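Peer 1: The structure under discussion is supplied below as structure tokens; questions concerning it will follow.
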Amino acid sequence: MTVWDEVRSLIEARDIAGLGNRLAGLDDAERREVARELPGHLKLVRRARNLWEGQGDWAEPMRVAGAGSLGGAAAVAAWLNRRDLVLFPWDAPGDTEALIKVISAREPQWQADLVARLTLRIRDGESPGAPLVMTLLRRTGVTPPQHDPLVVAWLGVTPSASRLREDPLLDALLPRIFEAQGVGRALLDERSSPLSETSWLGVLTVLSGEGRVSRGMLLDGCVSRFLRGGDAQDLRFFARLHELLEPSPAETESRARDYLRLLPVAPGPVAELSLKHLRRLDHLDPADVTEALEGLLFRAEGGLVRTGLTWIDQIVRQAPERADELAPALATALGHGAHAVQERAVRLAVKHARHLTPLGAETLRAALATLPPDLGRQLAGAVGGEAGPEEEPEAFTPPELTAPEPPGPLPALPASVAEFTNTAWFSTWQSVESWLASFARFATEDRETLRTALGRQTRHAPNVYRKDKWYEVSDWFTAMAAELVTPGAEPDGGGADMKEAREFRNVLSIAGEFAAVVTRGFLREFGREVPATAMRGFLREVPAAMTRGSVREVGGRGPAPRRAAPDRLPDASRVSVPHRFLLRRCAEVLAALKEDRLPSTLLATPTHDTGHLDPAEFLTRLEAVEATGAEPMPADFQQALLRLPRTTDPEIVARAARLTSEAGRRAARWLADGPADPETSVYWKYHENGRTNSFGEREPGGDFQGSMIAQLRVEPTGLAFVDELLGEASGERWGKHGGHMDWWPAFLPSHRDAVAAHYVPHLTHSWEQPMVQPAYVEMLAAADGPAGDATALLLAFFLARQHPDEGVRLLLRMAARGDLPVVALGRQLALLTTRTEAKLSHATAGLEQAARQGAHWEVWAVIRAALPHLLPKAGERPATGVTDLVVLGAAVAQWAGARGEIPEVTAVAGRKSSSLFARECRRLRDLLVRP
Numbered sequence: 000m001t002v003w004d005e006v007r008s009l010i011e012a013r014d015i016a017g018l019g020n021r022l023a024g025l026d027d028a029e030r031r032e033v034a035r036e037l038p039g040h041l042k043l044v045r046r047a048r049n050l051w052e053g054q055g056d057w058a059e060p061m062r063v064a065g066a067g068s069l070g071g072a073a074a075v076a077a078w079l080n081r082r083d084l085v086l087f088p089w090d091a092p093g094d095t096e097a098l099i100k101v102i103s104a105r106e107p108q109w110q111a112d113l114v115a116r117l118t119l120r121i122r123d124g125e126s127p128g129a130p131l132v133m134t135l136l137r138r139t140g141v142t143p144p145q146h147d148p149l150v151v152a153w154l155g156v157t158p159s160a161s162r163l164r165e166d167p168l169l170d171a172l173l174p175r176i177f178e179a180q181g182v183g184r185a186l187l188d189e190r191s192s193p194l195s196e197t198s199w200l201g202v203l204t205v206l207s208g209e210g211r212v213s214r215g216m217l218l219d220g221c222v223s224r225f226l227r228g229g230d231a232q233d234l235r236f237f238a239r240l241h242e243l244l245e246p247s248p249a250e251t252e253s254r255a256r257d258y259l260r261l262l263p264v265a266p267g268p269v270a271e272l273s274l275k276h277l278r279r280l281d282h283l284d285p286a287d288v289t290e291a292l293e294g295l296l297f298r299a300e301g302g303l304v305r306t307g308l309t310w311i312d313q314i315v316r317q318a319p320e321r322a323d324e325l326a327p328a329l330a331t332a333l334g335h336g337a338h339a340v341q342e343r344a345v346r347l348a349v350k351h352a353r354h355l356t357p358l359g360a361e362t363l364r365a366a367l368a369t370l371p372p373d374l375g376r377q378l379a380g381a382v383g384g385e386a387g388p389e390e391e392p393e394a395f396t397p398p399e400l401t402a403p404e405p406p407g408p409l410p411a412l413p414a415s416v417a418e419f420t421n422t423a424w425f426s427t428w429q430s431v432e433s434w435l436a437s438f439a440r441f442a443t444e445d446r447e448t449l450r451t452a453l454g455r456q457t458r459h460a461p462n463v464y465r466k467d468k469w470y471e472v473s474d475w476f477t478a479m480a481a482e483l484v485t486p487g488a489e490p491d492g493g494g495a496d497m498k499e500a501r502e503f504r505n506v507l508s509i510a511g512e513f514a515a516v517v518t519r520g521f522l523r524e525f526g527r528e529v530p531a532t533a534m535r536g537f538l539r540e541v542p543a544a545m546t547r548g549s550v551r552e553v554g555g556r557g558p559a560p561r562r563a564a565p566d567r568l569p570d571a572s573r574v575s576v577p578h579r580f581l582l583r584r585c586a587e588v589l590a591a592l593k594e595d596r597l598p599s600t601l602l603a604t605p606t607h608d609t610g611h612l613d614p615a616e617f618l619t620r621l622e623a624v625e626a627t628g629a630e631p632m633p634a635d636f637q638q639a640l641l642r643l644p645r646t647t648d649p650e651i652v653a654r655a656a657r658l659t660s661e662a663g664r665r666a667a668r669w670l671a672d673g674p675a676d677p678e679t680s681v682y683w684k685y686h687e688n689g690r691t692n693s694f695g696e697r698e699p700g701g702d703f704q705g706s707m708i709a710q711l712r713v714e715p716t717g718l719a720f721v722d723e724l725l726g727e728a729s730g731e732r733w734g735k736h737g738g739h740m741d742w743w744p745a746f747l748p749s750h751r752d753a754v755a756a757h758y759v760p761h762l763t764h765s766w767e768q769p770m771v772q773p774a775y776v777e778m779l780a781a782a783d784g785p786a787g788d789a790t791a792l793l794l795a796f797f798l799a800r801q802h803p804d805e806g807v808r809l810l811l812r813m814a815a816r817g818d819l820p821v822v823a824l825g826r827q828l829a830l831l832t833t834r835t836e837a838k839l840s841h842a843t844a845g846l847e848q849a850a851r852q853g854a855h856w857e858v859w860a861v862i863r864a865a866l867p868h869l870l871p872k873a874g875e876r877p878a879t880g881v882t883d884l885v886v887l888g889a890a891v892a893q894w895a896g897a898r899g900e901i902p903e904v905t906a907v908a909g910r911k912s913s914s915l916f917a918r919e920c921r922r923l924r925d926l927l928v929r930p
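Just so it is clear: in the sequence shown, position 1 is 0 by numbering that gives the first Met the number 0, and no numbers are missing.
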């Protein structure tokens, strides 16, 4: 048996330990023999591998074989990093000891070369080769190469003081953590309170206290890392380490110049700790301090600047003669963007004005132009000069709102069969209504011509009949055409969908196989090895079990044909209510065609582009039906009622009262009493920690995701389909829910808030359904009926988008008609921006646009309704964007000449605060209570 035969047998047996022992004893000639055969064997192993075995099961023996036989260090490094031999992240390496054994059998110089090459292959802290490199470095004593990802990988292992004390890499790699890129991000989540014994902060604190790690090296490293720059996240770990070391005054003084250099430019937390330690020192160079303060007080962070002002106060109290020297720094603070900082700087200037020379006073007078008039007057009283003039309110002349165009008529129906068949259908609700009306007319008045014209359009009928349920209007139209051309064309009981059953089985089988692979990976990732025999059985069973489950769902022991229900109408749980009502109307026409009772005129065909139906035209159609002694089709009749306007001329009402049929009497009552109006409401809920809760019952305590459900309720009318449309709003979005949403306003043109309630579940984005589009809501803006919380929520949603132009257009249209629900809009806008990711700043920008285009009265009413829900309680800070809304509210209230106290605004205005928010609340309060 040759050496290669022995090695191959050990590879095939997966005997990694035996393989390592055999390879370690090879001479150069034997290594060359194995190296010559190894690439070809790798191809055979890859082709013969079991799909369900782990990567390490077959790759680890090949990795050991290559490391023990290939000649050059470069070749071994390339072999161990081959894409097909790299272990998965969840595969705990089982070949490390064998690799160490065969590599240790080589010459020291070769080992050092290999370690250097493997080190440079590490890309980040999770590189698969990092554990092997760390072990080699510790075993061989090779000096670690300069490579930042190596340092990050070393830090990636959970530390302990006992292990690090003896770690040969500690002295070489620890100083590099202050230089290597990526360390700050890798240790970003380290916490200093509570301090963990298994964190790097905890371990370094212990080792520095013992003297195992130099305290001076750690402090120097932190300061040097601060000086290298970076954002707050990059420096967070080093700032926490620095504070845990608690530098003494002597340690701070020796590094004082570096801390001073950090004050103007370092991220806030670093500048803050530098300032804290510097203020404890008594012997700083005055020139250095002055220069540092000038840079510090130029910063944007109000907290840091206020601390710097306190330092100036301390210095001047101890050495009044330095007042002139510090005047430029104080003048910088006077020009700060935060009012609270300016106020503090003015108080400090007034306090120490007596210590200033004329030159110092002149320095401060130059800052008068940057101060608000009230603060400017205080400073001018102390140092001289004149404060800036009071700001004049913006002159605003509101434009007139543009009245929307009145509804227009629908295009005339096709006059002939030829015109009917040459028109494109199904794309809009108008075309669908025209198709239904034209089909009914020509099917009764010119059936033979229509049958001939539709003959070529029935070729898709067999595909339609194979479906259990018809969700698309085009399926129903195809079935109508096929029934007209070939009466009785639809097979009894429908068809079988074998292909769907097979596809369902295949999908679940693949899902089971994927679950098996992922499960194996997770088991190994968390250190739970599974015997090979047990895993092989598991891998066979999971796909089979899931497939058996799918078969039972599809129909028993195997994928048997599923008989379609005689009713092709989808179940109520599968589609949205308005969508199902549309399909019901189609089903009604098809059934009437089959039973030879299809009327030539449909009652529900609208006359206006809003979906409305002229009452006189409706009565003419109903009178014609009554004259024949027939009863109208229920869905067609009820759709017609829902399309009538909300008010009717008395002459039309009197004419309707003369009808004698049951449908006629119902129509007369509807016209006389007006439509039934549902009660609409929006119910807010949130998801937190895997649970669903209601706002009001229990407020969220942490991160949550808010959502909303609309509710409809109507007093029963005795009309089943009307009650369904006005009394039930589905909260579902899955499957076919949300179909034909752009058509829904035309089904209920006099009940816009009901349509809005049906839209609410589809407002937020879903990967399987589109969102509600602005064009849909624009139809609601042109519709009639009360506008409540549901309509207000739709408007708020589009106002709070990043580009609120659509929301502005909708608001202006409803404001021009006098239909804008201002109180509900203000409330829903506040709830939407506090309970979801919608941005109040976007809504504020949209409201300002609308106010400047003539809707200032309406915008003020919206803001007035929103503020009580947005203003913070005592002790709380205003949420992002609230201050800007108050600023806009004050401006719009002035434009509108608004009066009337808002108690919540008055309460905030009375609090002791000089923040911009509090000042703007006071300004708004004063505007509202002025005579």
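Where a beta carbon is used, it is the ideal one built from N, C-alpha and C, also for glycine. In this text, all values refer to a predicted model and were calculated from it rather than measured experimentally.
By the three-class DSSP mapping on this structure, what secondary structure does Pro408 have?
Peer 2: Strand.
Peer 1: When DSSP labels each residue in this structure, what does Thr691 get in the three-state scheme?
Peer 2: Thr691 falls in the strand class under three-state DSSP.
Peer 1: With DSSP collapsed to three states, give me the class of Arg535.
Peer 2: Caution is warranted here: a pLDDT of 39 is assigned to Arg535, below 50, making its placement in the model unreliable, and no coordinate value can be reported.
Peer 1: Using three-state DSSP, classify Ser912 as helix, strand or coil.
Peer 2: Secondary structure of Ser912 (DSSP, three-state): coil.
Peer 1: For Met933, does the three-state DSSP call read helix, strand or coil?
Peer 2: Nothing can be reported for residue 933: it is not among the residues displayed for the chain, which extend from 0 to 930.
Peer 1: For Met216 and Phe237, I'd like the C-alpha separation in whole angstroms.
Peer 2: 13 Å
Peer 1: For a test of the three-state rule: what should DSSP assign to Val885, helix, strand or coil?
Peer 2: helix
Peer 1: Tell me the rounded alpha-carbon separation between Arg535 and Trp57.
Peer 2: At Arg535, the pLDDT of 39 sits below 50, so the modelled position is not reliable; the number obtained from the coordinates is stated separately. About 15 Å.
Peer 1: Based on the DSSP secondary-structure assignment, which residues constitute the bridge partners of Lys735?
Peer 2: Note: Lys735 sits in no beta bridge, so no partner.
Peer 1: What runs of the alpha helix (DSSP H), each 4 residues or longer, lie entirely inside the region 398-476?
Peer 2: Listed in chain order, the complete alpha helix (DSSP H) runs (minimum 4 residues) inside the region 398-476 are 416-420, 428-444, 446-453, 460-464.
Peer 1: What ranges does the alpha helix (DSSP H) occupy inside the region 320-387, keeping only unbroken runs of at least 4 residues that lie completely in it?
Peer 2: For the region 320-387, whole alpha helix (DSSP H) runs of length 4 or above, ordered along the chain, are 322-333, 338-350, 357-364, 372-382.
Peer 1: Would you list the one or two residues that DSSP bridges to His686?
Peer 2: Thr691, Gln704
Peer 1: Would Thr933 and Ala330 be called neighbours here (beta carbons separated by less than 7 Å)?
Peer 2: Nothing about residue 933 can be reported from this structure: the residues present for the chain run from 0 to 930 only.
Peer 1: Write down the C-beta distance between Leu811 and Ala860 rounded to the nearest angstrom, noting that I regard them as a contact closer than 8 Å.
Peer 2: About 14 Å separates the two Cβ atoms, so there is no contact after all.
Peer 1: Less than 7 Å between the C-beta atoms of Pro143 and Ala104, yes or no?
Peer 2: no
Peer 1: Pull the bridge partners of Ala586 from the DSSP assignment, please.
Peer 2: The partner list for Ala586 (beta bridge, DSSP) is empty, contrary to what the question assumes.
Peer 1: Ordered along the chain, which non-local residues of its own chain (more than five positions away) have a Cβ less than 8 Å from that of Ala844?
Peer 2: Pro803
Peer 1: Write down the C-beta distance between Asp932 and Thr606 rounded to the nearest angstrom, noting that I regard them as a contact closer than 8 Å.
Peer 2: Missing from the structure shown is residue 932; the chain here goes from 0 to 930 and no further.
Peer 1: Per the DSSP calculation, Thr679 is bridged to which residue(s)?
Peer 2: Per the DSSP secondary-structure output, Thr679 pairs in a beta bridge with Leu711.
Peer 1: Contact between the region 376-385 and the region 818-837: three or more CB pairs below 8 Å?
Peer 2: no
Peer 1: Among Pro744, Ser680, Phe636, which one has its Cα closest to the Cα of Asp608?
Peer 2: Of the candidates Pro744, Ser680, Phe636, the one whose C-alpha sits nearest the C-alpha of Asp608 is Pro744.
Peer 1: Please determine, among Leu25, Ala23, Arg7, the residue with the shortest C-alpha to C-alpha distance to Pro38.
Peer 2: Of the listed residues, the one whose Cα sits closest to Pro38 is Arg7.
Peer 1: Contact check, Ile10 vs Leu18 under 8 Å by CB: the rounded distance?
Peer 2: 7 Å
Peer 1: Beta-carbon within less than 7 Å of Gly787's beta-carbon, same chain only, minus the 5 sequence neighbours each way: which residues are those?
Peer 2: Thr679, Asp752, Pro820, Ala823
Peer 1: So what does His607 bridge to, in DSSP terms?
Peer 2: Pro408
Peer 1: Taking all protein chains shown into account, decide if Leu43 is buried (16 or more other Cβ within 10 angstroms of its Cβ) or exposed.
Peer 2: Classification for Leu43: exposed.
Peer 1: Touch check for the region 228-243 and the region 261-273: three-plus C-beta pairs under 8 Å?
Peer 2: Contact between the region 228-243 and the region 261-273 is present, because at least three Cβ pairs lie under 8 Å.
Peer 1: Whole alpha helix (DSSP H) runs in the region 782-840 with 4 or more residues, listed along the chain?
Peer 2: 788-798, 804-816, 821-834
Peer 1: Taking Val132 as part of the alpha helix (DSSP H), name the residues at either end of that continuous run.
Peer 2: Start and end: 129-139.
Peer 1: Find out if the Cβ-Cβ distance for the pair Leu602, Phe580 is shorter than 7 Å.
Peer 2: no
Peer 1: Let me confirm a value: Leu358 is counted as buried when at least 16 other C-beta atoms fall within 10 Å, else exposed. Which label applies?
Peer 2: exposed
Peer 1: Can you check whether the CB of Pro699 is closer than 7 Å to the CB of Glu687?
Peer 2: yes
Peer 1: Looking only at its own chain, which residues have a Cβ that is under 7 Å from the Cβ of Cys920, when we skip the five neighbours before and after it?
Peer 2: Val885, Val904, Val907, Ala908
Peer 1: When you compare the CB positions of His611 and Pro569, do they come within less than 7 Å of one another, or not?
Peer 2: For His611 and Pro569, no; Cβs fall outside 7 Å.
Peer 1: Flag this pair as yes or no: are the beta carbons of Asp233 and Gly267 separated by less than 7 Å?
Peer 2: no
Peer 1: By Cβ distance, which residues of its chain are closer than 8 Å to Arg279, with the 5 residues on each side in sequence left out?
Peer 2: Pro248, Thr251
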